[in-house]
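Peer 1:
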Amino acid sequence: MRVLVHDYSGHPFQVELSGELARRGHDVTHSWCDAHVSGKGNLGGYPDVRFEAIGQGEVVEKLSFGKRLGQELRYGVQLARQIRRRRPDVVLFGNVPVPMMAVVTCYLVVTRTPWVSWQQDVQGIAMRSFAGTKLGKGFLVFATIAGWIERWCNRRADAIVVISNAFLDVHRKWGTAGKTSVIPNWAPLGELVPTPRDNAWAQEHDLVDAPNLVYSGTLGLKHNPRLLVQLTKAVRDRGVPAQLTVVTEGQAVDELADEATTLGVPITLLPFQPYERLSEVLGSGDVLVVVLDKSAGAFSVPSKTLSYLCAARPVVGLMPDENLAAQLIDAAGGFVGSPDLGSIPAAADWVVEVLSNDEEREKLGQRSRELAEREFELSLCGARFEEILLRVAR
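Residue numbers (our numbering): 22 to 415.
1) How should proline 335 be labelled, buried or exposed, when 16 other C-beta atoms within 10 angstroms of its C-beta is the threshold for buried?
2) Thinking just about the alpha-carbon of each residue, which of Val182, Leu210, Gly76 and Gly285 is nearest to the one in leucine 299?
3) Pick from Arg193, Ala74, Asn206 and Pro287: whose alpha carbon is nearest that of glutamine 35?
4) Got a sec, what are the start and stop residues for the beta strand (DSSP E) glutamine 264 sits in?
5) Contact between the segment 123-136 and the segment 72-82 is defined here as three or more beta-carbon pairs at a separation below 8 Å; is this criterion met?
6) So, with DSSP's three-state summary, where would you put arginine 23?
7) Apart from the five residues on each side of it in sequence, which residues of its chain come closer than 7 Å, Cβ to Cβ, to arginine 177?
8) List the residues that DSSP assigns as beta-bridge partners of leucine 113.
9) Would you call the segment 264-272 and the segment 237-248 touching, i.e. three or more CB-CB distances under 8 Å?
10) Report buried or exposed for glutamate 380, applying the criterion of at least 16 other Cβ atoms within 10 angstroms of its Cβ.
11) Valine 131: beta carbon under 7 Å from a heavy atom of the ligand ADP?
12) On the criterion of 16 or more Cβ atoms from any shown chain inside 10 Å, does glycine 196 qualify as buried, or is it exposed?
13) Name the DSSP beta bridge partners of serine 400, please?
14) Measure the CB-CB distance between arginine 259 and valine 373 and report whether it falls below 8 Å.
15) In angstroms, rounded to a whole number, what distance separates the CA positions of alanine 221 and tyrosine 296?
16) List the whole-angstrom C-beta distance separating leucine 434 from leucine 330, where the pair is believed to meet the contact cut-off of C-beta under 8 Å.
17) Buried or exposed: leucine 84, going by 16 or more other Cβ atoms within 10 Å of its Cβ?
18) Considering tyrosine 329, what are the terminal residues of the alpha helix (DSSP H) in which it resides?
19) Can the beta-carbon of glycine 363 be found closer than 8 Å to that of isoleucine 350?
20) Looking at the secondary structure, which residues open and close the alpha helix (DSSP H) in which glycine 338 lies?
21) Pick out the complete alpha helix (DSSP H) segments inside the segment 215-289, 4 residues or longer, and give them in chain order.
22) Would DSSP call aspartate 361 helix, strand or coil?
23) What residue from Val214, Tyr29, Leu376 and Glu82 has the CA that sits closest to valine 257's CA?
24) Does the beta-carbon of glycine 87 have 16 or more other beta-carbons within 10 angstroms, so that it is buried, or is it exposed?
25) Would you identify the three-state DSSP class for histidine 192, choosing helix, strand or coil?
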């Protein structure tokens, strides 16, 4: 097959899937949006894959609704042109904003190009959950329209892949359950490997001497960044001189800095690091932390959690317990609590206990890695995607 894979975010495991499809003999183009600021995967790291970005030389205007809408529509046109140039037998795309999705779907329908929707989130539901809380009530109108468009697009897909069984009820309502398959996300085991706590990256950033809590990934509407600082403060109040390291970009950086200053928590704030250093970034942590708002529920599985497990470190998850990532953390022996202040004392007690027991910390890290090795078997995921893409292409 000639396959075009577009992952808007450029995340690691999507890139790995393109590499696996190319290894199986297919002609693969991997596309992503360079304007979207987030941690990227091994883009360009697979010699048999053709890598082509859209949105180059720009940054998504996340805080300006009008500008962002215009950009996302334009990126839809850019992706459609990319599809026209490459003439793939089948297109697989995911993480695509709704306006961009609408443009690309129209192009695929008109040109009768087979395509698969790789649904990482139910965007209409997510948007409605933010209306009236983190966004104005007027945003509810746009969220409703976005939900209609998202349903319209997925109804026209030749096949749909979702990342959790929680999505299936939505597709039953949409009438698309019959063409929907569940393939959970994974992380690249060969690229994200356990490293010593005292590694080169940790030394470069003076993170060796004190216990270190680490968060690495995006922080947006689905996250409460202040919980990271409050957890670290609670650990310090229990007599452990912990520090917090956060690798992210965007508006949350100022929020974290303000909260850390207010609470007197030592914090290291860094932009997204090169992908080849990510193992060291995660390895610099004694405990890795992930947060996810209740509004995200079961429909958003933070991929950073999957990377954390690969890093062989204990994990704290402040997130809804019905989330698939929460279930993985629990299976690895980590701590799962609700994403609010009420969970901070219990989470801090757990972190203090882990930090005070080297043997237990090592055991929990090994358990995380073993779970990742059981769950993230690339050949099985690759085979399932290949079967779906072949069936759609034919």
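All residues carry an ideal CB built from backbone N, CA and C; glycine is no exception.
Peer 2: On the basis of the data shown:
1) Taking the first residue of the sequence shown as 1, we reach residue 335 at position 314. Proline 335 should be labelled buried.
2) For the purposes of this step, residue 299 is taken as residue 278 along the sequence shown, with counting starting at 1. Cα-wise, what sits closest to leucine 299 is Leu210.
3) Taking the first residue of the sequence shown as 1, we reach residue 35 at position 14. Of the candidates Arg193, Ala74, Asn206 and Pro287, the one whose C-alpha sits nearest the C-alpha of glutamine 35 is Asn206.
4) The count along the sequence shown starts at 1 and reaches residue 264 at position 243. Counting along the chain, the beta strand (DSSP E) containing glutamine 264 begins and ends at 264-268.
5) no
6) Your numbering for residue 23 matches position 2 in the sequence shown. Reduced to three states, the DSSP call for arginine 23 is strand.
7) For this step, residue 177 is matched to residue 156 along the sequence shown. Thr126 and Val130.
8) Along the sequence shown, read from residue 1 onward, the residue named residue 113 stands at position 92. DSSP, once it has assigned bridges, lists Val26 and Val137 as partnering leucine 113.
9) yes
10) Here the question's residue 380 lines up with position 359 in the sequence shown. Glutamate 380 should be labelled exposed.
11) This structure does not include the ligand ADP; it has no bound ligands of any sort.
12) Position 175 of the sequence shown, counting from 1, holds the residue named residue 196. Glycine 196 is exposed by the Cβ-count criterion.
13) Within the sequence shown, numbered from 1, the residue matching residue 400 stands at position 379. Answer is none; serine 400 lacks a bridge partner.
14) Stepping through the sequence shown from its first residue, residue 259 is reached at position 238. Stepping through the sequence shown from its first residue, residue 373 is reached at position 352. Closer than 8 Å, so yes.
15) Counted from its first residue, the sequence shown places residue 221 at position 200. Counted from its first residue, the sequence shown places residue 296 at position 275. For alanine 221 and tyrosine 296, the distance between alpha carbons rounds to 15 Å.
16) It is not possible to answer for residue 434, since the shown part of the chain is limited to 22 through 415.
17) Against the sequence shown, residue 84 aligns to sequence position 63. Exposed: under 16 other Cβ atoms inside 10 Å.
18) On the sequence shown, residue 329 is found 308 positions in, with the first residue counted as 1. Unbroken alpha helix (DSSP H) run through tyrosine 329: 324-331.
19) As a working note, residue 363 is residue 342 in the sequence shown. As a working note, residue 350 is residue 329 in the sequence shown. No.
20) Position 317 of the sequence shown, counted from the first residue, corresponds to residue 338. Here glycine 338 belongs to no alpha helix (DSSP H); instead the beta strand (DSSP E) covers 336-339.
21) 221-225, 247-258 and 273-284
22) By 1-based counting over the sequence shown, the position of residue 361 is 340. Reduced to three states, the DSSP call for aspartate 361 is coil.
23) Locating residue 257 in the sequence shown gives position 236, where the first residue counts as 1. Here residue 257 is arginine; the residue named in the question, valine, does not match the sequence. For arginine 257, the nearest C-alpha among the options comes from Leu376.
24) Within the sequence shown, the letter at position 66 stands for residue 87. Classification of glycine 87: exposed, given that the 10 Å Cβ count is below 16.
25) Locating residue 192 in the sequence shown gives position 171, counting from the first residue. In this structure, histidine 192 counts as helix in the three-state DSSP scheme.
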